[in-house]
Amino acid sequence: RMKMVRAVKWVDDVIPDAPYAITEDFMNKLFNEYNIDYIIHGDDPCLLPDGTDAYALAKKAGRYKQIKRTEGVSTTDIVGRMLLCVRERPVSDNQSHSSLQRQFSHGHGQNIDDSGFGNGTKISHFLPTSRRIVQFSNGRGPGPDSRVVYIDGAFDLFHAGHVEILRLARGLGDFLLVGIHTDQTISSTRGPHRPIMNLHERSLSVLACRYVDEVIIGAPWHISKDMITTFNISLVVHGTIAENMDYTEVIKLSFSWNMQMLNLDN
Numbered sequence: 001r002m003k004m005v006r007a008v009k010w011v012d013d014v015i016p017d018a019p020y021a022i023t024e025d026f027m028n029k030l031f032n033e034y035n036i037d038y039i040i041h042g043d044d045p046c047l048l049p050d051g052t053d054a055y056a057l058a059k060k061a062g063r064y065k066q067i068k069r070t071e072g073v074s075t076t077d078i079v080g081r082m083l084l085c086v087r088e089r090p091v092s093d094n095q096s097h098s099s100l101q102r103q104f105s106h107g108h109g110q111n112i113d114d115s116g117f118g119n120g121t122k123i124s125h126f127l128p129t130s131r132r133i134v135q136f137s138n139g140r141g142p143g144p145d146s147r148v149v150y151i152d153g154a155f156d157l158f159h160a161g162h163v164e165i166l167r168l169a170r171g172l173g174d175f176l177l178v179g180i181h182t183d184q185t186i187s188s189t190r191g192p193h194r195p196i197m198n199l200h201e202r203s204l205s206v207l208a209c210r211y212v213d214e215v216i217i218g219a220p221w222h223i224s225k226d227m228i229t230t231f232n233i234s235l236v237v238h239g240t241i242a243e244n245m246d247y248t249e250v251i252k253l254s255f256s257w258n259m260q261m262l263n264l265d266n
């Protein structure tokens, strides 16, 4: 978790072993040692076991600010999708995609109405806007002499392993371009229950990483000559497990287009 939070591009410092409750001692430490101006939390309630507000002291001191939770993002929904995957129930040919999608928003033991009109049936609809993408974007491209490094993948349920391989890849050049495969591509290679997070959710997760300069949303499975020239890619990297992808054609291109291919042991 420390590695993940440190990798977020908007984070400047991380305090390990922070208490859940904002006590007076910890609040004074934040204000005096870390020069914190405000303590911030989302607009969902945060209660202690005794039912009191975890941020009551910060509010009383006038140093508390509240921000709106991101629209369309639900950790409960994502956990429901994960629980569906561990069932390992075979999907019959006649099971509709919409029925499977409805199950992605439920956990174990919940009744699901395949008609789509049952009470409590909720399908996650994360709707990315241009404003949201701009908020996550670095807003700059590579320079004329930049060494552009390319790495692609699903990056589903973005985790510390993803952070580490992106950090290593970024260290090999001046500009890191990350290709995010489509939901359909991932389903065809990993099975009908994958990916757990949709294309835009995965893209914003990767864009939030400080080592990433740009992403291709819906990157092709095969890297073409046109793609290499369009993005001026100097180096293509991948991990030791590379989705069973055949990189033979990329290796051939590397000899004729002054491009390198590198395997990162992550």
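Under full-length UniProt numbering, the letters of the sequence shown match residues 1 to 266, in that order.
From the three backbone atoms N, C-alpha and C, an ideal C-beta is built for every residue, glycine too.
My guess is that Val149 and Arg170 are in contact by the Cβ rule of under 8 Å, so how many angstroms apart are they, rounded?
Reading the sequence shown from its first residue, position 149 is the one you call residue 149. Reading the sequence shown from its first residue, position 170 is the one you call residue 170. About 7 Å separates the two Cβ atoms, so the contact holds.
For His200 and Pro128, which I take to be in contact (beta-carbon distance under 8 Å), what is that distance rounded to the nearest angstrom?
In the sequence shown, counting from the first residue as 1, residue 200 sits at position 200. In the sequence shown, counting from the first residue as 1, residue 128 sits at position 128. Contact flag correct, Cβ pair sits at about 4 Å.
DSSP three-state assignment for Val200, whether helix, strand or coil:
By 1-based counting over the sequence shown, the position of residue 200 is 200. A small correction: the amino acid at residue 200 is His; Val does not occupy that position in the sequence shown. His200: helix per DSSP, three-state reduction.
Would you mind working out which of Leu47, Ile165, Pro142 and Leu176 sits nearest His238, comparing C-alpha positions?
Numbered from its first residue, the sequence shown carries residue 238 at position 238. It is Ile165 whose Cα lies nearest to the Cα of His238.
Please state the DSSP three-state secondary structure of Lys60.
Along the sequence shown, one-based indexing puts residue 60 at 60. In this structure, Lys60 counts as helix in the three-state DSSP scheme.
Between Met4, Val163, Asp156 and Pro220, which has its C-alpha nearest Arg81's C-alpha?
Translated into positions along the sequence shown, residue 81 becomes position 81. Nearest of Met4, Val163, Asp156 and Pro220 to Arg81, Cα basis: Asp156.
Taking Cβ positions, are Ile228 and Cys85 nearer each other than 9 Å?
Start at 1 with the first residue of the sequence shown, and residue 228 comes out as number 228. Start at 1 with the first residue of the sequence shown, and residue 85 comes out as number 85. Not in contact: Ile228 and Cys85 (Cβ atoms no closer than 9 Å).
So what's Ala154 in DSSP terms, helix, strand or just coil?
Here residue 154 is taken as the residue at index 154 of the sequence shown, counted from 1. Note: Ala154 maps to coil in three-state DSSP.
How would you write the range of the alpha helix (DSSP H) that His162 sits in, first residue to last?
Within the sequence shown, residue 162 is the residue found at index 162, counting from 1. First-last of the alpha helix (DSSP H) with His162: Ala160 to Arg170.
Report the rounded CA-to-CA distance for Thr185 versus Thr240, giving the unit in angstroms.
Here residue 185 corresponds to residue number 185 of the sequence shown, with the count starting at 1. Here residue 240 corresponds to residue number 240 of the sequence shown, with the count starting at 1. Going from the Cα of Thr185 to the Cα of Thr240 covers about 20 Å.
Just tell me which of Phe26, Asp53 and Pro45 has its CA closest to the CA of Ile36.
Taking the first residue of the sequence shown as 1, we reach residue 36 at position 36. For Ile36, the nearest C-alpha among the options comes from Phe26.
Per DSSP, what kind of secondary structure is Lys65 in: helix, strand or coil?
Here residue 65 is taken as the residue at index 65 of the sequence shown, counted from 1. If DSSP states are grouped into helix, strand and coil, Lys65 belongs with the strands.
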